[in-house]
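Asks: Numbering follows UniProt numbering, in which position 297 of the sequence shown is assigned residue number 297; successive positions increment by one, without gaps. Can you read through this structure? Questions will come right after.
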Amino acid sequence: MLSVSVVLLFFVVSLLFLQFLKLQWMRRRFPPGPTPYPFFGNLLQMNFQIHHDILKKMAKMHGNVFTLWVLNHPVVVLQGFQAVKEGLTVHAEDVAGRPTSHFFHILTHGNGVMFSNGHVWKQHRRFGLAIMRKMGVGKKDQEYQLQEEARDLVERLRKTNGKPLDPTMPVVHTVSNVICSVIFGHRFSKDDENFQRLIESIDTITAFMNSISFFVYEMFPWLASHFLAPFKQAASSIDFVNALFTKEIKSHKEKGKPDENQDFIDYYLDEIDKTKGNTDATYDEENLTQTIFDLFIAGTETTATTLCWALLYMVVYPDVQEKVQKELDAVLGCSRLICYEDRKKLPYTNAVIHEIQRYSNIVLIALPRQSVKDTELLGFPVPKNTIILANIDSVLSDPGKWETPDQFNPSHFLDKDGNFINREAFLPFSIGHRVCMGELLARMEIFIVFSTLLRAFTLTLPEGVKEVNTKFVFGSTMKPPPYQLCAIPRLKGEIQKQANPSSEASQHKQFLKLQRVRRRLPPGPIPLPVFGTLIQLNFEFNRDILMKLAKIHGNIFTLWFGWAPVIILNGFQAVKDGMTTHPEDVSGRLVSPFFRAMAKGKGIMLATGHTWKQQRRFALRTLRNLGLGKRGLEHRVQEEAHYLVDFFASMKGKPLDPSYPLIHAVSNVICAVVYGHRFSREDETFRELIRATEHLFKFGGSFIHHLYEIFPWLMCRLPGPHKKALSCYEVLSSFTRREIRLHRERGVPDELEDFIDFYLAHIEESKGVPRSTYNEDNMIYSINDLFLGGSETSSTTLNWGLLYMVANPDIQEKVQKELDAVLGPSQLICYEDRRELPYTNAVIHEIQRFSNIISVGMPRVCVRDTTLLGFPLKKGTIVLPNIASSLYDPDHWETPRQFNPGHFLDKDGNFVNQEAFLPFSIDTLPKGKLTNRKPAQKGHVQLEQDELPGSKPVAIITCPDAQEETLRVLQRKTVPHILKDDDSGDHDQNEENNTQKDSEKEKNDREKPQSTTKRKAVVPGPAEHPLQYNYTFWYSRRTPGRPTSSQSYEQNIKQIGTFASVEQFWRFYSHMVRPGDLTGHSDFHLFKEGIKPMWEDDANKNGGKWIIRLRKGLASRCWENLILAMLGEQFMVGEEICGAVVSVRFQEDIISIWNKTASDQATTARIRDTLRRVLNLPPNTIMEYKTHTDSIKAWEEFHGLVNSSGR
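Shown next as structure tokens:
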């Protein structure tokens, strides 16, 4: 028995010796390193941990490139900045692989992004980067999400009232919700059990990967999987995470494909559908689940750990914290939302954040790479499949690159003048082909959350705690040890510091800085520090002062609102050119500190980003559904006019102030739309609502309002009129809440009756919809916007109208004579009657022009660097059109300073539109006919008048996204986007008041042969906005597979109608089926009048067309954007455009735009580029240009015909 034991021992020793000799022979082909032992390699020397300190010691012995052996696998270690940089970038593709192991196989199965290789990795990394860009990572939309999460974190910490807390979970919850919004399209509440378990599971998995249990599993996978408890916990966590992600994917699939992809899962499922049948595609649900896992683990663990270190360092280094807070206070104040762009103005804060990342160095060693082929690293041969390990800690603490590598020193990132500088050895996100995919998102999160917290709180140690441990806890990321801090809200002391006047030297420096900056802008008065030019303006943007300044500085000049430059456009030509030459560049909307405090970024008027888009679209659609522009709503206006006449009659000629009766009548119209009922004149709650509304409008533009905008951090904490204005807005909100509560108690009716009904129903429909913003808060603020937009300015204009009639009795008498002669004393007045009342219509327009109640248009913000009338403007510059200067422009009005209805009449007394009539700026959209239809019968004031056409510019109800730019060019004044068939606009057939007669006439017309139907010339109607060319809509449909000829195609195509104005276009378009709702092999055509949508037409035969093939679901939006751009002459190619076609097919839809001259390459290129911009096409979109000659030849060859040229 003893001899057998000896033999076995000898055999084992021999095997170990042979293994040892084999290792020694193998290591000669690798960089030097410590001697490996059989079976364990160098793990015994490293205590079964790849620790950065051990690597540093080994680098001193073996050099900056050395080899370790993990079990029997060689690992080449790169130490120091130069080795890491050259090793991962000189032959980046050669070391872009990722090693596989037993545990990584269980974790990923070779799927996803982080641990995949080859074609799978390349496809998914490319896809992930592209989708993150599409979803706005690095753009404003993503920034709003980060700001919202930062605000939630501030509120959560504020509720602790300065008591000690461990910030880890609140920070992890905030960071995780950012990536959840990107991936899932929604956030989780902090109490969600699944979310809590998800975080715990991620911690369990990452902890296992940096424990000795991981190496035990790699050595004995079968044994460990059955008996190793940490592995079982990790495997259970993996199963839970995958199940949760699979559940989210299933939820997205059950909801169906959205019209517009909202989150990463939507985009991925869409990509799966698009690549079905593609053998090269690797998109499937297994890869989707793993990619989500990779994004989640990379998007939470590292960022949350960095922020936890950041808060700890601010407690440990209070002097650094104080300097950051001073800089934040001086540059941003206390109320402005912090943006990622602000880092450029905050050099010290930016330096501190970079130093936190360097000093904490949470990822000591980068994820391992693997050589995908035989290669060379810094002169050493490296065989294929060798693992490469980059010691990031050695880079971030390299004494050759950092002055004090072992100290926390923000000066590492500052020059001698205090400006921020980048350091090449700053590599917290690794380097090379496997650099962190979410680097930009992580940078944005850290900056916005850190800056927001430090502006809101002073972070201190709990009472009695003198020291805090700053040694990291070793793991997948180097976490700080558990600690507690106190978040003390920053209030009185900080405000007093901010309120202290600056030193004389500082003021002088700021003055000189202003003078340098203003040299790059249009001329203007000299700005002063802090106040800018507000003192010269008497703290008012008065129209007369602006016009005086224009005489001195020209029609485009610069004023300064505090430190912010404001570009003023004066005179019709400057306003028109400035707003329409590059309309997309000045399409941003300014939301100031006061309005942000008032509306909190919700609703429509003062919202931005995704919230604004969703709420605006819903409002437009709902107002159309409620009959805006139809006769049903006209009856409501007539009813209010009747009440108003009765009230005036009841006064029996006694003197009265008409203000309240007018605002009551106007407000009741919007109340009927929004709340579903009117209010009596005696209702005290309604009176309070009116008083609150009036106070709000009086406060806007006041001296205190301007002070609030300059010093929001101070004014928000002081008493004054601004507090009352905010409380007045709350009165409006409380009133709306009460109405919503009554609607909820009543329940949603079978037939929705008002705006609240529609909104409540939509809240229910959109539950569970990713990124939905439909909730009660947004409903309240949207209703407030509608109420404010639909009452004050309309009633003010009517007040001016009555006052002008009293002041000009001769004009009043002429209006009444016309009304009596045309309508008589008893007929109800309709909006359509204005066509037969040219003088009355002219008087109403002159009232709007002369009263000019909105002197200065809504401020715009440049969304990108641009040029305005020859002056270069930076992104973020405010642009303000002086509307009064257009309405009083002596070059466009004969007697601009006199009340003269003749401005809108020709020599024959017919009504004429004036190009310079811009009472609502050049691109706002009136609320359809709501403010256009308030007729009053003859009463004590001896007037029958329509309310002024478009008398309230509802800046909140503007055109949809892709239309906004187009419609600025499309018309000079306004676009009734919600016109129906009883709206303004002459058609090529006379309108009939009776709808039954209309339908009979249309039926008869259809039965007539097209050639025998006599049509009048189509011209713009009175007060309509003419297009540059007349256009005709056509429709065609054919049975698939049935052969066609030129003759059969011509017979098959049907003319819908011709239009000559903006109003006539919307009249047709609003009643047409959208392309997405058409069945297969149907076409809509929009061509210039006189051109048929046929290849052989004289205008088309020498031309061609740009063709874009669309996947299903995009045709409606793209068609609308295309035809609006075409009508608005955005292609800028003169008469070259013939028309456009949308073709609906079974598998795809096709958009094309036709031009006259195929040989004009410059023109076709311009059309192509404009088409890309208008349709917002990705750069890789395939666009095909095909001449009509080639189309005819291809058709003939396909059908075997010689003398045919059909479709």
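Note that beta-carbon positions come from the ideal geometry of N, C-alpha and C, so glycine has one too.
Count the CB pairs spanning the segment 811-826 and the segment 868-886 that are closer than 8 Å, and state whether there are at least three.
Replies: no
Asks: Go through its chain and collect everything with a Cβ distance to Ile1056's Cβ below 7 Å, but skip five positions before and after it.
Replies: Phe1033, Trp1034, Tyr1035, Phe1068
Asks: Looking at the strands, I want to know which residues DSSP matches up with Lys551.
Replies: For Lys551, which the question treats as bridged, DSSP gives no partner whatsoever.
Asks: Looking at the structure shown, is Glu1196 part of a helix, part of a strand, or coil, going by DSSP?
Replies: helix
Asks: Which residues mark the beginning and the end of the beta strand (DSSP E) in which Ser1159 is found?
Replies: Segment: none, Ser1159 is in no beta strand (DSSP E) and carries neither H nor E.
Asks: From Gly80 to His62, what does the alpha carbon distance come to, in whole angstroms?
Replies: 13 Å
Asks: Nearest to Val95 by CA position, among His102, Lys85, Phe103, Thr558, is which residue?
Replies: Lys85
Asks: Distance, Cα to Cα, Ile552 vs Pro523?
Replies: Computed Cα separation, rounded: 10 Å.
Asks: So, at 6 Å on beta carbons, what are the nonlocal neighbours of Gly493 in its own chain, with the 5 sequence-adjacent residues on each side left out?
Replies: Only weak support exists for where Gly493 lies, its pLDDT of 41 falling under 50; the value from the coordinates is given anyway. Here the set comprises nothing.
Asks: In three-state terms, what does DSSP make of Trp1095?
Replies: coil
Asks: Quick check: what's the CA-CA separation for residue 1294 versus Phe66?
Replies: The question about residue 1294 has no answer, for the chain in this structure spans 1 to 1207.
Asks: Are the Cβ atoms of Phe1131 and Ile1137 separated by less than 8 Å?
Replies: yes
Asks: Counting along the chain, where does the alpha helix (DSSP H) carrying His762 start and finish?
Replies: 755-765
Asks: Using only CA atoms, which one of Arg864, Trp800, Asp906 lies nearest to Phe899?
Replies: Trp800
Asks: For my contact list, Ser791 and Leu546 are in at a C-beta cut-off of 8 Å; report their separation, rounded to the angstrom.
Replies: Incorrect: roughly 27 Å between the Cβ atoms, too far for contact.
Asks: Would the beta-carbon of His119 fall within 8 Å of that of Thr291?
Replies: Cβ distance not < 8 Å, so His119 and Thr291 don't count as in contact.
Asks: Can you tell me where the beta strand (DSSP E) with Met209 in it begins and where it stops?
Replies: Segment 193-209 is the alpha helix (DSSP H) holding Met209; no beta strand (DSSP E) there.
Asks: With 16 other CB atoms within 10 Å as the buried threshold, where does His1188 fall?
Replies: buried
Asks: With a threshold of 16 other CB atoms inside 10 Å of the CB of Ser727, please say whether the residue is buried or exposed.
Replies: It is exposed - the Cβ of Ser727 has fewer than 16 other Cβ atoms within 10 Å.
Asks: When you compare the CB positions of Leu606 and Ala599, do they come within less than 8 Å of one another, or not?
Replies: Yes, Cβ-Cβ distance for Leu606 and Ala599 is below 8 Å.
Asks: Quick check on DSSP: helix, strand or coil for Glu463?
Replies: coil
Asks: Have a look at the DSSP bridge pairing and note the partners of Val473.
Replies: Residue pairing by DSSP places Val473 opposite Lys479 in a beta bridge.
Asks: Give the secondary structure of Gly333 by DSSP, where H, G and I count as helix, E and B as strand, and everything else as coil.
Replies: coil
Asks: For Lys654, which of helix, strand or coil comes out of DSSP?
Replies: coil
Asks: Rounded to the nearest angstrom, what separates Thr796 and Leu662 at their Cα positions?
Replies: 8 Å
Asks: Hey, out of Asp263, Ile356, Arg616, Gly41, whose CA is closest to Pro405's CA?
Replies: Ile356
Asks: What residue range does the alpha helix (DSSP H) around Arg737 cover?
Replies: 721-746
Asks: Whole angstroms is fine: what's the gap from residue 1212's alpha carbon to Ser1116's?
Replies: Outside the shown range of the chain (1 to 1207) lies residue 1212, about which nothing can therefore be said.
Asks: So, under 8 Å CB-CB, Met437 and Leu129 are touching, yes? Tell me the CB distance rounded to an integer number of Å.
Replies: 6 Å
Asks: Would you grab the beta carbon distance between Tyr1185 and Gly1104 for me? Rounded to a whole angstrom, and I think it's under 8 Å.
Replies: 6 Å
Asks: So the candidates are Leu153, His677, Arg617; which of them puts its Cα closest to the Cα of Glu640?
Replies: It is His677 whose Cα lies nearest to the Cα of Glu640.
Asks: Give me the DSSP bridge partner(s) of Thr1032.
Replies: Thr1058, Phe1087
Asks: Tell me where the beta strand (DSSP E) around Cys486 begins and ends.
Replies: 485-489
Asks: With C-beta atoms as the reference, is Val352 less than 8 Å away from Leu485?
Replies: In this structure, Leu485 does not lie closer than 8 Å to Val352 by Cβ.
Asks: Give the DSSP-derived three-state secondary structure of Gln357 in the structure shown.
Replies: It is helical.
Asks: Who does Asp1149 pair with in a DSSP beta bridge?
Replies: Leu1110, Val1144
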